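Please read the structure below before turning to the comments.
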Amino acid sequence: MRRRISRTRVGPSEISPDQLNDGLQDFERGMRAAATPYVKTPKFDPGETMTIASDVEIAQAAQLKPIAEVAGELGLGPNEIEPYGRFKAKVGLEALQRRSSDEDGRLILVTAMTPTPLGEGKTLTTVGLGQAFARMGKRSVICLREPSLGPVFGIKGGAAGGGKAQVLPMDEINLHFTGDIHAVTSAHNLLSALLDAHVFHGNELDLDINQITWKRVLDMNDRALRQITSALGGPANGFPRESGFDITVASEVMAILCLARDLKDLQRRLGNIVIGARRDKSPVFARELKADGAMTVLLKDAMMPNLVQTLEHTPAFVHGGPFANIAHGCNSVVATRTALKLADYVVTEAGFGADLGAEKFFDIKCRKAGLAPAAAVVVATVRALKMNGGVEKADLGEENVAALQAGCANLGRHIENVLGFGVPVVVAINHFATDTLSEIEAIRNYCDGLGVEAILCRHWAEGSDGAEELAHKVAEIAESGQAQFSPLYPDSMPLFEKIETVARSIYRAGEVTAPQSVRDDLARWEEQGYGKLPVCMAKTQYSFSADPKQLGAPTGHTLPVREVRLSAGAGFVVAVCGEIMTMPGLPRSPSSERIGLSEGGDIEGLF
């Protein structure tokens, strides 16, 4: 006899007993609209009230190990960590230096198909896979980025995974954490203040005020600050000029923090920041303002990786936070390299779809840090595939194999792109309760046709148990030595050709357009010695094209590059495409409206 319940509470949403008993759990979580993945059929008595915890409730109920114990199990001594409370710690840079000659573990990248507003579960899968490796008896470390407050209070919410595959303490990680992003904000804005003070006090460097490119930053979505006029109010306040704000995670200082190998390299890179130009167009560097030393001091502690743990006590480095649609979208090199010295397997993620995060992981991070991934996991969901096949959001709960098959072209494009870097691929199907057997089988058949295995994963509800099959397959591939990693283009290729190569090879664009000012900037930077830098594409995350409405796998489209920015300290050139903004805005109903404290002092509404 079918058992029934009277009511089910799932975070901020409620569903009827009939929906649960008929297997139609399509749980919407806030503005992110991401349904709770697979939930096992519960066992309960008639009339019983059953509660399924939300992400934050699961996190708050978890029993964490003291962070010193987690560090000790990883092989880190008490003198190699600096605790930040009971459950967070900084790992000293000397821990990496002491193990510089040790053999590296295997590096696994988790990326995804083109994201939709539904959420595909890339961070969730990263955590689940890392936990599954540990379940197999392997020493495993997870490497993630730190969440920005902009998305946390905007539309996306937190970035710590979910269910039984999340990093903890989730609320602290999603909020101020260890203060790294605030340190980046302070270091960046110190340089801004020094620049304006230099101009005010005589401008000995002969900076052309109209060619100052260095803005200010804030770790919050605030569209009103995108373009501003500063220093109004009279001569005592400086020289008025047009400027603006970027979000902190788009700051070149954040990119530098994530790419620097040590404190010496950090200061060198900070000194190489180009803040503007003289009237003869020659660059002016941060070191000429004597800013690099003080900026390094502000970032000294932020350079140390942050150690936390998952729900199953698997160690996790959560460090650095660049966006993948407007920056290079990967966690710090120092965290990844430290993890590789401590673990058999290091599982890391790169932001958004493989056209953005994975391409930059390969062409920027791996190129600069000398990393060679052993395998990649591409995350897909039935819902996202159907949306890319033309199904409206309201109809995604209904079976539609034909639309899913049409949307598989998007997944296939990402698979082909990752394979093009010489990295073998496994597809992880992040399962939701509304998925049908026919839809799952259609994904598997499609992937089989590409020579890639697709594995159903249930790590949200089952933790490591739900990702163990994926872990075994990834380990098999990683240990086989199949990977023959190679970047997409050589250092020697001209800058505009690098942009075209990414556009044509990864996005399948038909042409790249750019105003003459962009071409002139690129030519001048090549003359100044920056021609060997990689390019960092800034474009919408919702499409292979620059138009977020072009879903699926468009070809032959035009990629418009509206401006380019030299990030000489980070070591790349940013190409800003289409209408992408480096300072996001808040939606009409931001996530912050649903975040607060309960009467007992617990955080509510954060996910």
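For the sequence shown, the positions run 8 to 614 when the numbering used here is used. Positions of the beta carbon are idealized from the N, C-alpha and C atoms, including for glycine. All of these numbers come straight from a predicted model, not from anything done at the bench.
query	result
Inter-residue Cα distance where the pair is E448 and I371	36 Å
9 Å Cβ cutoff met for L156 and I180	no
Three-way DSSP call (helix, strand, coil) for E110 in this model	coil
Neighbourhood of R152 by C-beta distance below 6 Å, restricted to the same chain and skipping five residues each side	G327, G328 and N338
Straight-line gap, M143 to V256 (C-alpha atoms, nearest Å)	35 Å
DSSP-derived helix/strand/coil call for L214	strand
Coarse secondary structure for V341, derived from DSSP in three states	helix
Alpha carbon of D203 to alpha carbon of N279, nearest angstrom	18 Å
Same chain only: Cβ atoms within 7 Å of S258, ignoring 5 sequence neighbours per side	V191, H195 and V224
Nonlocal neighbours in the same chain, by C-beta distance under 8 Å from V568, ignoring five residues either side	I506, V519, T520, A521, V525, A582, V583 and C584
Alpha-carbon spacing of M261 relative to P154, whole angstroms	13 Å
Where T130 falls, given that 16 or more other Cβ within 10 Å makes a residue buried	buried
Rounded C-alpha distance that separates E611 from F252	30 Å
K505 CB to nearest heavy atom of the ligand NAD below 8 Å	The ligand NAD is not part of this structure, which contains no ligands at all.
Distance CB(E319)-CB(S471) smaller than 9 Å	yes
Status (buried if at least 16 other CB within 10 Å, exposed otherwise) for F503	buried
P90, enclosing beta strand (DSSP E) - first and last residue	I88 to P90
Collapsed DSSP secondary structure at V17 in the structure displayed	Note that V17 scores 31 on pLDDT, short of 50, meaning its location in the model is unreliable; the coordinates nonetheless yield the value given after this. It is a strand residue.
Classification of Q491 by the beta-carbon crowding that lies within 10 angstroms, buried from 16 upward	exposed
Identified DSSP bridge partners for I235	S250
C-alpha distance - L27 paired with T443, whole-angstrom precision	Per-residue confidence for L27 stands at a pLDDT of 31, beneath the threshold of 50, marking its modelled position as unreliable; the derived number appears in the next sentence. Going by the C-alpha atoms only, they are around 15 Å apart.
Other residues of its chain near V408: CB distance less than 7 Å, five sequence neighbours each side excluded	S445, E446 and A449
Under the three-state DSSP convention, the category F330 falls into	coil
Test item: CB-CB of P322 and E483 under 9 Å	no
Bounding residues of the alpha helix (DSSP H) (the contiguous stretch that carries L392)	V389 to N395
Reduced DSSP secondary structure (H/G/I, E/B, other) of R285	strand
Counted within 10 angstroms of its Cβ, other Cβ atoms place H183 as buried (16 or more) or exposed	exposed
Host alpha helix (DSSP H) of S574 (start-end)	Counting along the chain, S574 falls outside any alpha helix (DSSP H), though it belongs to the beta strand (DSSP E) covering T565 to S574.
Minimum length 4: unbroken alpha helix (DSSP H) runs contained in the segment 257-328	259-266, 270-278 and 299-306
Buried or exposed by the 16-neighbour rule on C-beta atoms within 10 Å, applied to T345	buried
Cβ-based burial, L613 [other Cβ within 10 Å; buried from 16]	buried
Residue nearest to G358 in terms of C-alpha spacing, selected from G377, I333, D351 and R572	I333
Nearest-angstrom beta carbon gap, V432 and V389 [assumed within contact, 8 Å]	So it is not a contact: roughly 19 Å between Cβ atoms.
Which residues DSSP lists as bridging L463, in chain order	I436
For S193, the residue or residues it bridges with in DSSP	Partner(s): none; S193 has no beta bridge.
Residue closest to P312, alpha-carbon to alpha-carbon, out of E211, T185, D362 and D226	T185
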